[in-house]
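Using my numbering, the letters of the sequence shown correspond one by one to residues 310 to 693.
The beta-carbon is built from N, C-alpha and C at its ideal position, and this holds for glycine as well.
Heads up, the thing below is written out as structure tokens.
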Amino acid sequence: MKPNSNFKILIVDDVSKNIQILGNILSQEEFQIAWAQSGQEALSLVLVQEFHLILLDIMMPEMNGYEVCEKLKANPATADIPVIFLTAKADMDSIIKGFDIGGQDYITKPFNAKELLARVHTHILLREQQKELIEANNVLEEKVKERTKELNEANKLLNALDTTKSEFLSIISHELKTPLSGIIGLTHLLNQTEMGEEQAQYLNYLKQVSQRLVKFSDLALLITNLKVNNYKMDLLPVSVNHIAESAIAELADEELDTSRIVFRKNSSNPLIMAEAELIRKALMLIIENAFRFSPDNTPVTLDIFSGDGKVSFVVKDEGKGFSDEVMGKLFQVFSIGDVAHEEGKGLSLAAVKLIMDAHSGKVEVANRDKGAEVSLTFFSKPTY
310 MKPNSNFKIL IVDDVSKNIQ ILGNILSQEE FQIAWAQSGQ EALSLVLVQE
360 FHLILLDIMM PEMNGYEVCE KLKANPATAD IPVIFLTAKA DMDSIIKGFD
410 IGGQDYITKP FNAKELLARV HTHILLREQQ KELIEANNVL EEKVKERTKE
460 LNEANKLLNA LDTTKSEFLS IISHELKTPL SGIIGLTHLL NQTEMGEEQA
510 QYLNYLKQVS QRLVKFSDLA LLITNLKVNN YKMDLLPVSV NHIAESAIAE
560 LADEELDTSR IVFRKNSSNP LIMAEAELIR KALMLIIENA FRFSPDNTPV
610 TLDIFSGDGK VSFVVKDEGK GFSDEVMGKL FQVFSIGDVA HEEGKGLSLA
660 AVKLIMDAHS GKVEVANRDK GAEVSLTFFS KPTY
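See below:
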């Protein structure tokens, strides 16, 4: 708290003796003192000098203390100056009226010095604390504005970088597809020519690698479009059994050994609102993952469950399952590790997650006693 000499108090009373008594009491505490003997004089003084407290007599001619207080509180420049009423009227109605028009306190005449000083100290301290709080709040608001501005600028930069990255991936995907399609076409032509066994193996390997790169390109482009909401969704009611069968048929066309797939149809064959092509793609990615990370000749099962307002596709394999490291970052677009030998890494599950998010659905993964399980769940009513 600052020394008392830093605070200036205005005494307003039409009786000179009262001003003298109050001035003597306050001067002993080294407060700065000013006085006025009318309401109008007081209102003129507060406009040219700064006061930390006003001691205001109620019973004055021409303009009483209540009227002076109302004018003080109506002026933004003086509204926050604490007002202590000086009154010989200690009846409850007078006290309540003083508080109603904005007074902070009252002191009855004749004055008790200790009570007067206690109330003066209290209201000056409260005003100083209020000013400090307002200043601290202003500083905090400025910091919040500055931080908000910085965050907005950073967000704009991130959005620009994200757009640039997406555009770059789109360009790369398109640029890859053109030459790769040409390579695949050439492999088909070469397959129609005579060649030795070793050359046929090399050609087959070239074909597989090219097809894999095309699929990677398509997947990268799909992820890019989903991430920037650039995929035009066309939600229609579609049979779950039909989606599963068409996914298996397309995998067979891609020369996957679909005889390993154990598909159990849903007897009620419910419909879901979905973009059929995307859901078929999601199922294919999960089944391909299951094939890649499970031993040859082991089954990959696909079940469809329905009930309680939801429908789930569940794919199970008999591979090694998901490691603890991978479980923590299953749906990241890129993750560090041995992509070729560890289930859950790469782009597949990240794409599946984006597809399910676009359908307000849910993808879940779990390890079983033997192998892994991935489920895609669609809800027919909102979940909370």
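In the DSSP assignment, Ser615 is bridged to Val620. Here the C-alpha atom of Leu565 lies approximately 14 Å from the C-alpha atom of Leu592. For Met582, the enclosing beta strand (DSSP E) has its first and last residue at Leu580 to Ala583. Listed in chain order, the non-local C-beta contacts of Glu554 below 6 Å within the same chain number zero, local neighbours out to five positions each way being set aside. Less than 8 Å separates the beta-carbon of Ile393 from that of Arg428. Note that the C-beta distance between Ile552 and Arg589 is below 8 Å. Assignment of Ile405 by DSSP, reduced to helix, strand and coil, places it in the helix class.
For the options Val547, Phe614, Gly348 and Glu627, the alpha carbon positioned closest to that of Asp605 is the one of Glu627. Straight across, the Cα-Cα distance linking Thr396 with Ala445 is about 36 Å. Counted as a single uninterrupted DSSP element, the alpha helix (DSSP H) harbouring Lys662 occupies residues Ser657 to Ala667. Gln341 and His432 have their C-alpha atoms some 16 Å from each other. Taken in chain order, the complete alpha helix (DSSP H) segments of 4 residues or longer contained in the stretch 552–602 are 585–601. The three-state secondary structure of Glu682, taken from DSSP, is strand.
Every alpha helix (DSSP H) stretch that sits fully inside the stretch 400–449 and reaches 4 residues is listed by chain position as 401–409. DSSP, reduced to helix, strand and coil, places Thr496 within a helical segment of the structure shown.
Inter-residue distance for Leu352 and Lys406 is about 20 Å (C-alpha atoms, whole angstroms). For Thr417, the closest alpha carbon among the candidates Ile410, Lys398, Leu435 and Leu434 is that of Lys398. The beta carbon of Gly670 sits closer than 8 Å to those of Leu685, Thr686, Phe687 and Phe688, all from its chain and outside the five residues before and after it, given in chain order. Residue Asn550 holds the alpha-carbon nearest to the alpha-carbon of Ile581 among Ile596, Arg573, Arg436 and Asn550. The count of Cβ pairs closer than 8 Å, one atom from the stretch 673–680 and one from the stretch 613–632, reaches three, so the stretches are in contact. Non-local C-beta neighbours of Ile410 in its own chain, meaning closer than 8 Å and more than five positions away in sequence, comprise Tyr375, Cys378, Glu379 and Lys382, ordered along the chain. When Cβ pairs closer than 8 Å are counted between the two stretches, the stretch 452–466 is seen not to touch the stretch 353–362, the count staying below three.
DSSP, read as helix, strand or coil, puts Pro546 in strand.
For the pair Leu535 and Ile664, the CB atoms are nearer than the 8 Å cut-off.
Under the DSSP assignment, Lys541 falls outside any alpha helix (DSSP H); it carries neither an H nor an E label. Looking at the DSSP output, Ile318 shares a beta bridge with Ile342 and Leu362.
With fewer than 16 other Cβ atoms from the protein chains shown falling within 10 Å of its own Cβ, Gly618 counts as exposed. Judged by DSSP in its simplified three-state form, Phe525 adopts helix. Scanning Thr387, Ala388, Ala585 and Ser568 for the CA closest to the CA of Met542 turns up Ala585. Arg573 places its beta carbon 8 Å or farther from that of Val609. Assignment of Val392 by DSSP, reduced to helix, strand and coil, places it in the strand class. Per DSSP, Ala351 is one residue of the alpha helix (DSSP H) stretching across Gly348 to Val357.
Under the DSSP assignment, Asn676 falls in the beta strand (DSSP E) whose first and last residues are Lys671 to Asn676. Closest in C-alpha terms to Lys625, from the list Gly616, Glu634 and Glu597, comes Glu597. Among the bridge pairs identified by DSSP, Thr457 is matched with none.
Counting only residues of its own chain and dropping the five nearest sequence neighbours on each side, Phe614 has a CB closer than 6 Å to the CB of Ser621.
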